[in-house]
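Residue numbers (the working numbering), protein chains in the order written: chain A, 1 to 446; chain B, 1001 to 1341. A short worksheet on the structure shown next.
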Amino acid sequence: MDTVVLARAFFGTSLGFHIIFATLGVGLPLMIVIAEIIHQVKGDNDYAIMAKRWTKAFAVLLGVAIPSGTIVGVQLSLLWPGFMEIVGKVISLPFQIEIFAFFLEALFMSIYVYAADRLPRYFRLISVFFVALGAVASAILISAVNTWMNTPDGFKIKPDGTIYDVNPWDAFFNPSFLSSSFHVAITAYMTGAFAVASVAAFKLLKKRPERERAYHLKGLFMSLAVAFLMSFVSSLSGHHSAQILHQHSPEKLAAAEGLFETQRYAPLAIGGYTDPKTEEVKYGIEIPWALSWLAAGKFDTEVKGLYEFPRETWPPFYVHTLFNLMVGVGVVLLGLAAFALFYWWFFAKKRAKSFPKWLLWSLVFSGPLSMLGIEFGWVFSCSGRQPWTIYRVQTTAEAATKNENLGMLFLLFLFLYALLSVLTVLILTAYFKRNPVSKDMERISG
Amino acid sequence: MSEEVLAILIMWTFIFVYSIFGSIDFGAGFWAMIYNNHRTMAGKIANRFLSPTWEITNTFLVLLVVAFVGFFPKGAYTLGTVMLVPVSLILFFLAIRSAFMVFSYSVQGYRRTMFIISGISGLLIPSLLIAVLPISQGGFIGVDGETQNLLLEKLFTSPTLYLYVLFGLTSELYLSSLFLADYARVSNKEEAYRLYRSNAILLGPLTLLSALFTLLFMAPESRWLIDNLVDQKIWFVLSLAAFFIAYGSLWWPKQNRPGIGRPRFTLLATVAQYGLASIGYGLAHLPYIVYPDLTIYEAFTATETFYSLMIMYIVGLAILTPGFYVFWRLFLKDKRYLQQE
Ligand code: HDD
Ligand code: HEM
Ligand code: HEM
């Protein structure tokens, strides 16, 4: 493999690994805050137990989120030195502010975890609130850098590469910043909620004492409500992101849809794959006019096709599949959450029936599926930008390191990520086996 | 003061603060391993400090990288290219250490193994970190066509590197012993205090000796730095004075009570000692970030970016200060936390 491809594979793997923990790191604190609030409003101790147990899981996940985040942060300079040179001049502001968000999160996380017993109740709530705020702020801020790569703004560049006329705030609030970072935050909340729903559904699969069933049902219901809301908002915001693509990165939208000819009344292609030989989408379902309508709200909107652009700047064709997968995940999960809530409301609640096994099993898979959606989304966003690292400013090859020692290091880090994944699962199961819910319940009531 | 100098001053302050907190952090991990289950509770005390703080120290490390990229993007380019291998190793060990520290808090069964892993990586990481210094002094970067790369073989066979590592490790252990001695004193664990104090008594002279040897055996390419260091000798004289005052204070009587040593004073005086020496070293190193190709003037960022970063630092610090204050109250001062068994 040549160095550029290796660097991309290496970096993509590091981010793909980090993002699992980072997303839960944004999503879980929201669930903890909600549980703490319900606890303080209703006085129901089950919610305090939930908050406590989720915090425990969160703390373990943070043990991987933080070092893996440190890795990607530093690897940006190691693998993409050419890119970071421009970043430093133009868009270092969000990185810098993000550090403050990290500090906020780290400070209050320690306070919430290690000083909870010495704090008044209201201060506990304040601490989790700041943890949640720090987490979502860091996600939004890091996304700002990524949005700037997709729609760079706030500087000018001479042909020899000299950067001038820098305006850091314009770079920060680039055209896709609001839509994309909102999408990132909402999908992280959605994923956190589905992750909790997965665990609760899994616990409900086995026979348990009534008291514990009630506890898990509360968790399931609460997480489904959040998940439903967030899935709904995330599809709206995803739609908005696509409209931003239409305006600012037309070749990405064209590749996502496998659209080659520029046209009005453009069709939406669902499923299938883009055949590089015939240059069309094969085995997909076409909905006439829908793409034009989605892109700007009118059927006669002109949507640009790939032929409009030089071939060497076409994104890879597989982004069509990635895009479909992400949207598919969103639609399926929105449907699932809606159905489960509906079922609960009309059958389970009124007739005191429990959820059927198949529904519980589908819910068990909702968390991992949502996480896959996040991964598809990022790989789509990043590889859909190819061959550019900074859209129309710097190519990936220019950004990449020229160092040739990547192979061994890549292997070393693959080993690290595998090790950490296995350990995280082992530690979490060991801890929750030793401290079952029943134990926490006794402690609180006794 | 020019903008470049202001930026490097801020950078240098961050590096200094991190090197103190990092030393204490990594050192505490090491002592927690050594004194695991020790009857004096010395290990417990190290851990009690480490559990809530390592995350913040780690964030400081990220701050260093980010601030460097923001202030000196060209420097990030050069160091990013050259340091790929050593920095990747640092990241690798850092990940192992952080993860195992958190895991050991959650499961009891494997505590020992986890302590050993996090303790040993606590020695490896600073050794690799300090390698930046000899590299920045010149002589270890080769140019091949258009790209620069690190002469790994030359670096790893050079005595300069190992002397720097020795200096780094002794300093790490000295500073962390002093800090933990103070922390043990505040926690009312007199036995643990004595243990850390005797470690410090042993380590103090070693740090001085290793510093001396590092200077004496500096690589020939670093001639320029030696010449500059001689010009800054006043700072080193002051630093040496601070060392003797600090070291001597290990034998001062305790205030109003029987007992020996004033650990808080010793710690602060030692920080001053390292601070003074850092000023001398920093001044001698200017204007180079990496000798001889990269100066702060060439590496500097866009002016507009510089000013918006400055504003953010001020706003950020103002927002975070109360948080740090609460944190300090809860974990470094609150008797209920410190004096639990
Ligand atoms: C969806 C949100 C999200 C995304 C897209 C990213 N991160 Fe992240 N990151 C987080 C959400 C997050 C987080 C949840 O907020 C973490 C986990 C623990 C923490 O303190 O913040 C975090 C931790 C974290 C840390 C450790 C901070 C510390 O020491 O406390 C660093 C350096 C980064 N990240 C850097 C990055 C970089 C360079 C990214 C992309 C290029 C990135 N993150 C993508
Ligand atoms: C349901 C409809 C959805 C639509 C129409 C949609 C649309 C989009 C679009 C157009 C982008 C690219 C933005 C860009 O490259 O600038 C994107 C990115 C992304 N999507 Fe979605 N998305 C949907 C659902 C989801 C779901 C369910 C998830 C995860 C659970 C998700 C996670 C992401 C992530 C993490 C990114 C990358 C960050 C970004 O660039 O915004 N998306 N999405
Ligand atoms: C956290 C979720 C993210 C994931 C999973 C992700 C994934 C990827 C993948 C798979 C690639 C390789 C693309 C390819 O080979 O086709 C890549 C490239 C890249 N990404 Fe992202 N990305 C994420 C977020 C970000 C963010 C927030 C930034 C900016 C700070 C970023 C910066 C880059 C850079 C610089 C490259 C290399 C150049 C390029 O291929 O364009 N990524 N990423």
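Yeah, the Cβ is synthetic: ideal placement off N, Cα and C, and Gly gets one too.
Where the alpha helix (DSSP H) through residue i begins and ends
i: W80 (chain A); result: Careful: W80 (chain A) lies outside any alpha helix (DSSP H) and carries neither H nor E.
i: K357 (chain A); result: 357-383
i: G335 (chain A); result: 319-343
i: Y215 (chain A); result: 210-248
i: D2 (chain A); result: Segment: none, D2 (chain A) is in no alpha helix (DSSP H) and carries neither H nor E.
i: E1190 (chain B); result: 1190-1216
i: Y1035 (chain B); result: Neither: Y1035 (chain B) is in no alpha helix (DSSP H) and is coded neither H nor E.
i: D1182 (chain B); result: 1159-1186
i: K282 (chain A); result: Where K282 (chain A) is concerned, there is no enclosing alpha helix (DSSP H), although the beta strand (DSSP E) it sits in stretches over 280-282.
i: D1227 (chain B); result: 1223-1231
Proximal chain A residues relative to residue i, where beta-carbon distance stays under 8 Å
i: G1043 (chain B); result: Within 8 Å Cβ-Cβ: nothing; G1043 (chain B) doesn't reach chain A, min ~17 Å.
Residues that residue i contacts on chain B, provided the C-beta gap is smaller than 7 Å
i: L412 (chain A); result: F1092
i: V166 (chain A); result: A1302, E1304, T1305
i: F102 (chain A); result: T1059, V1062
Span of the beta strand (DSSP E), counted from its first residue to its last, around residue i
i: I270 (chain A); result: 268-270
i: Q1148 (chain B); result: 1147-1150
i: W388 (chain A); result: 388-390
i: E286 (chain A); result: 285-287
i: G258 (chain A); result: Note, G258 (chain A): premise wrong, no beta strand (DSSP E); not H, not E.
i: Y1288 (chain B); result: 1288-1290
i: K433 (chain A); result: K433 (chain A) -> not in any beta strand (DSSP E); alpha helix (DSSP H) instead, spanning 406-434.
i: G1139 (chain B); result: Per DSSP, G1139 (chain B) belongs to no beta strand (DSSP E) and is neither H nor E.
i: E308 (chain A); result: Looking at the DSSP string, E308 (chain A) is not in any beta strand (DSSP E), and its letter there is neither H nor E.
i: T274 (chain A); result: 273-275
Through-space distance from residue j to residue i, alpha-carbon basis
i: I1279 (chain B); j: D1231 (chain B); result: 12 Å
i: K1254 (chain B); j: F1140 (chain B); result: 49 Å
i: S231 (chain A); j: F1331 (chain B); result: 40 Å
i: M50 (chain A); j: A35 (chain A); result: 7 Å
i: P1134 (chain B); j: T1266 (chain B); result: 29 Å
i: Y1297 (chain B); j: M149 (chain A); result: 27 Å
i: V437 (chain A); j: S1104 (chain B); result: 21 Å
i: I1201 (chain B); j: Y1291 (chain B); result: 37 Å
i: L409 (chain A); j: K52 (chain A); result: 38 Å
i: G446 (chain A); j: W1054 (chain B); result: The predicted position of G446 (chain A) is uncertain, since its pLDDT is 45 and thus under 50; a value taken from the coordinates is nonetheless stated next. Each residue's alpha carbon lies about 35 Å from the other.
i: F129 (chain A); j: S1106 (chain B); result: 23 Å
i: I19 (chain A); j: D1144 (chain B); result: 36 Å
i: R392 (chain A); j: L294 (chain A); result: 25 Å
i: L1064 (chain B); j: A101 (chain A); result: 15 Å
i: S1158 (chain B); j: F317 (chain A); result: 51 Å
i: V331 (chain A); j: S235 (chain A); result: 8 Å
i: K298 (chain A); j: S92 (chain A); result: 38 Å
i: S459 (chain A); j: G335 (chain A); result: Residue coverage of chain A in this structure runs from 1 to 446, which leaves residue 459 (chain A) outside it and unanswerable.
i: G448 (chain A); j: L360 (chain A); result: Past the edges of chain A, shown from 1 to 446, lies residue 448 (chain A), and the structure says nothing about it.
Contact list for residue i against chain B, beta-carbon separation under 8 Å
i: W169 (chain A); result: S1308
i: M109 (chain A); result: E1055
Residues that residue i contacts on chain A, provided the C-beta gap is smaller than 9 Å
i: D1227 (chain B); result: The premise fails here: D1227 (chain B) is roughly 31 Å from chain A at the closest Cβ pair, so nothing lies under 9 Å.
i: V1005 (chain B); result: Near V1005 (chain B) there are no residues of chain A at all, since even the closest Cβ is about 18 Å away, more than 9 Å.
**Asked** Is there contact here, the stretch 1004-1013 of chain B with the stretch 1297-1315 of chain B, by at least three beta-carbon pairs under 8 Å?
**Response** yes
**Asked** Given a limit of 9 Å on CB to CB distance, which residues of the stretch 1061-1085 of chain B reach chain A?
**Response** L1061, V1062, L1063, V1065, V1066, A1067, F1068, V1069, G1070, F1071, F1072, P1073, K1074, G1075, A1076, Y1077, T1078, L1079, G1080, T1081, V1082, M1083, L1084, V1085
**Message:** Three or more C-beta pairs under 8 Å: does that hold for the stretch 124-137 of chain A against the stretch 368-375 of chain A?
**Reply:** no
**Message:** With three or more beta-carbon pairs closer than 8 Å as the criterion, would you say the stretch 1185-1200 of chain B touches the stretch 1032-1050 of chain B?
**Reply:** yes
**Item:** Residues within the stretch 75-99 of chain A neighbouring chain B, beta-carbon criterion of under 9 Å
**Value:** Q75, L76, S77, L78, L79, W80, P81, G82, M84, E85, I86, V87, G88, K89, V90, I91, S92, L93, F95, Q96, I97, E98, I99
**Request:** Count the C-beta pairs between the stretch 284-296 of chain A and the stretch 215-228 of chain A that are closer than 8 Å, then say yes if the count reaches three, no if not.
**Result:** no
**Asked** Does the stretch 378-390 of chain A come within contact of the stretch 251-262 of chain A, defined as at least 3 CB pairs closer than 8 Å?
**Response** yes
**Request:** Report yes or no: do three or more beta-carbon pairs, one from the stretch 1025-1039 of chain B and one from the stretch 1113-1127 of chain B, lie closer than 8 Å?
**Result:** yes
**Request:** Determine which residues of the stretch 1313-1330 of chain B have a Cβ less than 8 Å from any Cβ of chain A, and write them out in chain order.
**Result:** Y1313, G1316, I1319, L1320, G1323, F1324, V1326, F1327, L1330
**Message:** At a CB distance below 7 Å, what residues from the stretch 1271-1296 of chain B approach chain A? Give them in sequence order.
**Reply:** none
**Item:** Meets three-Cβ-pair contact criterion under 8 Å: the stretch 77-97 of chain A and the stretch 149-167 of chain A
**Value:** yes
**Message:** Please identify, using Cβ separations under 8 Å, the residues of the stretch 7-26 of chain A that lie next to chain B, in order along the chain.
**Reply:** none
**Message:** Can you pull out the residues from the stretch 138-151 of chain A whose beta carbon lies closer than 8 Å to at least one beta carbon of chain B?
**Reply:** none
**Asked** How do the stretch 1064-1078 of chain B and the stretch 1207-1224 of chain B stand: do at least 3 beta-carbon pairs fall below 8 Å, yes or no?
**Response** no
**Request:** Please confirm if the stretch 20-39 of chain A is in contact with the stretch 171-188 of chain A, defined as three or more CB-CB distances below 8 Å between the two stretches.
**Result:** yes
**Prompt:** Taking contact to mean at least 3 C-beta pairs separated by less than 8 Å, is the stretch 58-70 of chain A in contact with the stretch 412-430 of chain A?
**Reply:** yes
**Request:** Output, in sequence order along the chain, the residues in the stretch 37-67 of chain A whose CB is closer than 8 Å to any CB in chain B.
**Result:** K56, A59, V60, L62, G63, V64, I66, P67
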